[in-house]
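Take the sequence shown: its position 3, counting from 1, is numbered 3 in our numbering, and each next residue is one higher. Here the structure comes first, spelled out in C-alpha cells, and everything after it is commentary.
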Amino acid sequence: MEINGLIHLIGETLEVGSNGFTKRQLVVKTLENYPQIIGIDFIKDKTYILDSYKIGDEVKVYINIRGNEYNGKYYVNIQGWRIEKADVVEV
1 MEINGLIHLI GETLEVGSNG FTKRQLVVKT LENYPQIIGI DFIKDKTYIL DSYKIGDEVK
61 VYINIRGNEY NGKYYVNIQG WRIEKADVVE V
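Given below as C-alpha cells:
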C-alpha cells in the first residue's frame, strides 16, 4: 500500500527497550479534500531512510499495516518500508 502527501513531522530516532530496537516516526498530511494526518513508523534499519527528507516535502510512502492483540485489546500499527519524493509537475 502507499500513502501520498506532505511531510508534516519527522521524529528523532528512538531506542525502545533494552535490546537496541529503534524506531522513528514520520507524519504525513494527505492531499485529499479532507486531509488526514497519518503517523507512520520506520523501524530498525529503515530509520535512516528519513535522513534525506524535510518537512514540507511531497512524498509517496510505501507501508504495511500490522495488527496484534494483547490482553484482549487490539492494536494497529502502520510501518513504512520505503519513501520517495513525489513526481511534481511544474507549469
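For every residue, glycine included, the Cβ atom is placed at its ideal position computed from N, Cα and C.
Item: Going by DSSP in three states, Ile40 sits in which element: helix, strand or coil?; Value: strand
Item: What would DSSP say about Lys54, mapped onto helix, strand or coil?; Value: coil
Item: If you draw a straight line from the C-alpha of Trp81 to the C-alpha of Ile40, how long is it?; Value: 10 Å
Item: In whole angstroms, give me the CA-to-CA distance for Asn71 and Glu84.; Value: 37 Å
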